[in-house]
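> My questions will all concern the structure given below.
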Amino acid sequence: MAEDTNIILESKEPALGKIEVAPQVLEIIVGIAASQTEGVARMRGSLANSVTELLGRKEQHGKGVKLVFDGDELAVDVYVYLDYGVAVPKVALAIQDNVKQQLLFMTDLDLREVNVHVEGVIPEKTAQQVDPDNLFNQSDEGDSDQ
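For the sequence shown, our numbering gives the first residue as 163, with consecutive numbering after it.
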C-alpha cells in the first residue's frame with residue numbers, strides 16, 4: 163500500500179502549475195503493467211480482496227504492489243504468482259521492464275528499483291470430463307452378476 167501523500171511530478175513549464183499524482187494511481191499503473199506480463203497468473207492480494215472479487219466486484223489492480231517514495235526516488239515492490247512452467251528469471255525481468263516502461267511513459271517518473279517477489283506458482287487447471295451416463299464413475303464389470 164502506498165503512502166497517503168501525493169507525488170508531485172516535475173513540470174517542464176512551471177508557470178502552468180504543479181501536477182500531483184495520488185499513490186493509488188501509481189499502484190494501479192504498476193499492477194496492470196505487471197499483471198499483463200506474459201507468465202503472470204495473478205497478483206498477490208489480501209483475503210479481503212479475494213472475497214470482494216468472489217462477490218462480483220471489480221478486480222483491484224493495485225493489489226500486490228507496494229510503493230516506497232524516498233525523496234526524489236521511487237522504489238516498487240511487486241508480489242506475483244506465476245504460471246507453472248515459465249522461466250522465473252525471464253518473467254521477472256519482463257515485469258521489471260514493463261513496470262518501468264509504463265511508469266515512465268504515463269507519469270515521467272524514473273524508478274530507482276523494481277523488486278519482484280514471486281509468491282508462488284499456479285499449476286494449469288485440468289478440465290475434468292464428467293460422463294452424464296456414469297456420474298459416480300462406476301465400472302460395468304461388477305454389475306454383470308445381477
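For every residue, glycine included, the Cβ atom is placed at its ideal position computed from N, Cα and C.
#1: Which runs of the beta strand (DSSP E) fall wholly inside the region 219-271 and span at least 3 residues, in chain order?
#2: Can you give me the start and stop residues for the alpha helix (DSSP H) that Glu189 sits inside?
#3: Start and end of the beta strand (DSSP E) containing Leu178?
#4: Determine the burial state of Met205: buried for a count of at least 16 other Cβ atoms within 10 Å of its Cβ, exposed for fewer.
#5: Cutting at 6 angstroms between CB atoms, please list the residues of its own chain near Val248, excluding the five before and the five after it.
#6: In angstroms, rounded to a whole number, what distance separates the CA positions of Leu244 and Gly179?
#7: With H, G and I counted as helix, E and B as strand and the rest as coil, what does DSSP make of Arg274?
#8: What residues are listed by DSSP as bridge partners for Arg206?
#9: Can you tell me which residues form a DSSP beta bridge with Gly282?
#10: Relative to the alpha-carbon of Tyr241, which residue among Gln186, Lys252, Ile257 and Asp234 has its alpha-carbon at the smallest distance?
This is what the structure holds:
#1: If you keep only unbroken beta strand (DSSP E) runs of at least 3 residues inside the region 219-271, you get 227-232 and 235-245.
#2: Per DSSP, Glu189 is one residue of the alpha helix (DSSP H) stretching across Pro185 to Ser197.
#3: Careful: Leu178 lies outside any beta strand (DSSP E) and carries neither H nor E.
#4: Around the beta carbon of Met205, 16 or more other beta carbons lie within 10 angstroms, which makes this residue buried.
#5: Gly201.
#6: About 42 angstroms.
#7: The DSSP-derived three-state label of Arg274 is strand.
#8: DSSP, once it has assigned bridges, lists no residue as partnering Arg206.
#9: Beta-bridge partners of Gly282 (DSSP): Tyr243.
#10: Looking at the Cα atoms, Ile257 is the closest of the given residues.
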